[in-house]
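To start, the structure itself, in structure tokens.
Numbering (the numbering used here), first residue to last: 1056 to 1466.
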């Protein structure tokens, strides 16, 4: 620690251990400056951040630097100065197991000054719960219905969820209202516990979105902390919407509101009600999203094994997934007379080969596919069926229980 009071003697205090406070000044009319964590602390709590306070004066220059473990270079730490300029606190939590250096000055009304410094290291105890993945992929172009997934390797403790939500910065070129919702593993499309952002209305096309989770240093469990921050940027492309009508057996594709292609389809024939009471051969009606693309997808009936009535095992080309219950828009491999005339499929949206191949290459993940006219409803947790849930109910799945508006991102 280095402590200076211009023209005056100083009084200093400090503490090692897990935190404590370093103080300088406070005598003969000089302001007192305190820094938390204290100089020499070796296991400072990263979730408590850095606090600098002044008594008998106002804060002036403040420098907080983190030494990067990856590059060895120092990185500035941002913070907020109170309106009365008597307290400064770091904006986000600190990274675990990292060295920090703090320098702060304050001036009294009569012009006397104090400068104090602190060098400390944060606790390196990180939680076993980590961010496993963020969807969409980096720099991916997605559709206007696309959710944002923050996925974890294990269920996040309930006590940590509010802090995680508060730690997220989400920005877009065109500010967008939306809300986060926590999903249990059974509600997640790939079984990973997830925190999912869904806009109230589809994203405006042709913009960029950036998401940063300031996970490093968050208190996740008893005396264990988030390991690192995560950032992901992606793009919203053209508005792609698809309307599929089971009554007319017709599919219509629109780009930015204008019809660009249409073709005859065949949907699920129905007739296979299983023990769960669900007819698994019916296509689900509701608002789907395109999820992924498979050049050649192997398809087998759920709940059946080889030799059972209704068993099939097929490889289908140019398959674009729209749910987790085995529904795709794909190339027809069976009776072509069904297309545009009657529903003959196992639940998928069978399409002419040229149209299925075109859609496979043209569509983004997150394009909106609305299917009408069947007796089976798409469940909100089936694939990315989140648009099935009213927005107010979606918002209730946030610990903070309120919608947010994305910050403005420069174009």
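Glycine residues also receive a C-beta, built at the ideal position from the N, C-alpha and C atoms.
Treat the numbers as computed from the prediction; the structure is a model and nothing was measured.
Answer with buried or exposed for residue i, where buried requires no fewer than 16 other C-beta atoms within 10 angstroms of its C-beta.
i: residue 1236; result: buried
i: residue 1131; result: exposed
i: residue 1287; result: buried
i: residue 1126; result: exposed
i: residue 1271; result: buried
i: residue 1415; result: buried
i: residue 1321; result: buried
i: residue 1406; result: buried
i: residue 1249; result: buried
i: residue 1398; result: buried
i: residue 1517; result: Only positions 1056 to 1466 of the chain appear in this structure, which leaves residue 1517 out of reach.
i: residue 1410; result: buried
i: residue 1282; result: buried
i: residue 1366; result: exposed
Leaving out the 5 sequence neighbours to the left and right, which residues in its chain are closer than 6 Å to residue i when beta-carbon positions are compared?
i: residue 1158; result: 1118, 1172
i: residue 1035; result: Any question about residue 1035 goes unanswered here, given that the chain covers just 1056 to 1466.
i: residue 1076; result: 1089, 1091, 1093
i: residue 1298; result: 1307, 1425
i: residue 1294; result: 1199, 1260, 1311
Between residue i and the rest of its own chain, which residues show a CB-CB distance below 8 Å, the 5 nearest in sequence each way excluded?
i: residue 1193; result: 1287, 1288, 1289
i: residue 1071; result: Interpretation of residue 1071 is limited by its pLDDT of 49, a score under 50 that renders its predicted location unreliable; no figure is taken from the coordinates.
i: residue 1263; result: 1227, 1228, 1288, 1289, 1290, 1291, 1464, 1466
i: residue 1152; result: 1124, 1176, 1177, 1178, 1179, 1181
i: residue 1314; result: 1307, 1308
i: residue 1433; result: 1339, 1340, 1341, 1342, 1343, 1378, 1426, 1440, 1443
Judging by CA-CA distance, which residue of the options is the nearest neighbour of residue i?
i: residue 1327; options: 1319, 1336, 1321; result: 1336
i: residue 1110; options: 1163, 1458, 1431; result: 1163
i: residue 1259; options: 1296, 1211, 1429; result: 1296
i: residue 1386; options: 1366, 1360, 1359, 1354; result: 1354
i: residue 1332; options: 1149, 1430, 1224; result: 1430
i: residue 1241; options: 1438, 1376, 1456, 1451; result: 1438
i: residue 1278; options: 1256, 1301, 1103, 1372; result: 1103
i: residue 1121; options: 1137, 1143, 1149; result: 1149
i: residue 1222; options: 1306, 1329, 1310, 1274; result: 1274
i: residue 1083; options: 1166, 1389, 1360; result: 1166
i: residue 1304; options: 1315, 1458, 1395; result: 1395
i: residue 1268; options: 1379, 1252, 1446; result: 1252
i: residue 1329; options: 1189, 1339, 1459, 1359; result: 1359
i: residue 1184; options: 1106, 1212, 1195; result: 1212
i: residue 1081; options: 1392, 1209, 1106, 1112; result: 1112
Give the DSSP-derived three-state secondary structure of residue i in the structure shown.
i: residue 1134; result: strand
i: residue 1083; result: coil
i: residue 1219; result: helix
i: residue 1199; result: coil
i: residue 1174; result: strand
i: residue 1077; result: strand
i: residue 1254; result: strand
i: residue 1103; result: helix
i: residue 1091; result: strand
i: residue 1248; result: coil
i: residue 1233; result: strand
Give every residue of the same chain whose Cβ lies closer than 7 Å to the Cβ of residue i, excluding the five residues on either side of it in the sequence, and list them in chain order.
i: residue 1436; result: 1242
i: residue 1200; result: 1257, 1344, 1421, 1422, 1423, 1442
i: residue 1116; result: 1160
i: residue 1381; result: 1354, 1357, 1402
i: residue 1318; result: 1306, 1406, 1407, 1410
CB of residue i to nearest heavy atom of the ligand COA: below 7 Å?
i: residue 1440; result: This structure lacks the ligand COA, and indeed carries no ligand of any kind.
Exercise. Please specify which runs of the alpha helix (DSSP H), each continuous and at least 4 residues long, are wholly inside the region 1397-1437, giving them in chain order.
Key: 1408-1417
Open item on the list: Going residue by residue through the region 1266-1353, where are the continuous alpha helix (DSSP H) segments of at least 4 residues, counting only ones entirely within it?
Closed with: none
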